[in-house]
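Inspection log for the structure reproduced underneath, given as structure tokens.
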Amino acid sequence: MTDKRDILHGTPLMAGLAEPLVDELLAICQQRRLRDGEYIYRQGEEGDAMYGVLEGKIRLSNTTREGRELLVMLVERGDWIGEVSLFDGAARSQDAYALGDTEVLRIGKEQLDTLLEARPELYRYFVPMLCRKLRLALSYVEATALYPLSARLARRLLDLHQQSADSELHFPQEDLAKMLAVSRQALSRELKRLEAAGAVAVSYGKLRILNVDLLCSEAVAG
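Quick note on UniProt numbering: the sequence shown kicks off at 1 and runs consecutively.
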């Protein structure tokens, strides 16, 4: 069984958390297993908990009334979701569901509010989580408004590479197209160009980063 301390004490988001505070957070956590496709929460629902991924992946996305999906991100081991609604009290802005068998930690709002009231020093560990999400959101808005697809693709590949700490990214190209809000055909053309330049290697269901420096150059072009 996964050690719950891994996500509370061993990730950058919670780095430096003192052992007594780790114990107090663990005391209010609930461990939950999810089947492939099972929703953690849906867009518009009340934000009553935040979740840390212990094993597996969580898909975060928005869907329009016409059924068009914008894939926000794939959340992997060590990251948290749901904290924004937990702190601002607004409804969930995305759908979140499991990709494959997934294990998460759940921290309920009432339990966390009680703990934060008793231990206000914990706030300084949650603020960087919120700031990180804000920076990501602003960077995506900026890229969409100011940069061509080639630069946006390079930036997103670099982000995914940094998040996974692995040169090989495993997801369908359709998902990458949804992350960038472009057609599958437009994405395919850009990936073929990057592959010809030696920046990436593309195969079915996965993409390998070959040249980070070249992607960095692409990211600032345009």
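C-beta: ideal position from N, C-alpha, C; glycine also.
Report the three-state DSSP secondary structure of residue i (helix, strand or coil).
{"i": "S203", "result": "strand"}
{"i": "K133", "result": "helix"}
{"i": "Y140", "result": "helix"}
{"i": "M1", "result": "Low confidence applies here, because M1 scores a pLDDT of 46, under 50, leaving its location unreliable and the question unanswered by this model."}
{"i": "D175", "result": "helix"}
{"i": "L160", "result": "helix"}
{"i": "Y41", "result": "strand"}
{"i": "P128", "result": "helix"}
{"i": "Y123", "result": "helix"}
{"i": "L17", "result": "coil"}
{"i": "E195", "result": "helix"}
{"i": "E46", "result": "coil"}
{"i": "S183", "result": "coil"}
{"i": "A118", "result": "helix"}
{"i": "residue 234", "result": "Residue 234 is absent from the structure shown; the chain starts at 1 and stops at 222."}
{"i": "R90", "result": "What sits at residue 90 in the sequence shown is Ala, not Arg. Three-state DSSP puts A90 in coil, outside helix and strand."}
{"i": "V220", "result": "coil"}
{"i": "E24", "result": "helix"}
{"i": "E190", "result": "helix"}
Output yes or no for whether 8 Å exceeds the beta carbon distance between residue i and residue j.
{"i": "E83", "j": "L130", "result": "yes"}
{"i": "V127", "j": "Q94", "result": "no"}
{"i": "L17", "j": "A49", "result": "no"}
{"i": "E103", "j": "L54", "result": "yes"}
{"i": "A151", "j": "A219", "result": "yes"}
{"i": "D101", "j": "D175", "result": "no"}
{"i": "Y39", "j": "A90", "result": "no"}
{"i": "L214", "j": "A199", "result": "yes"}
{"i": "L157", "j": "E190", "result": "no"}
{"i": "R92", "j": "Y41", "result": "yes"}
Which one or two residues does DSSP pair with residue i in a beta bridge?
{"i": "S61", "result": "L71, D95"}
{"i": "L169", "result": "L207"}
{"i": "V53", "result": "V104"}
{"i": "I81", "result": "Y51"}
{"i": "L34", "result": "T102"}
{"i": "C29", "result": "I107"}
Problem set entry | Cβ contact (3+ pairs, closer than 8 Å) linking the region 201 to 212 and the region 170 to 184 | yes
For this session: Evaluate contact between the region 110 to 123 and the region 173 to 184, counting only Cβ atoms and requiring at least three cross-stretch pairs below 8 Å.
Result: no
For this session: Would you be able to state if there are at least three C-beta pairs under 8 Å between the region 97 to 111 and the region 36 to 49?
Result: yes
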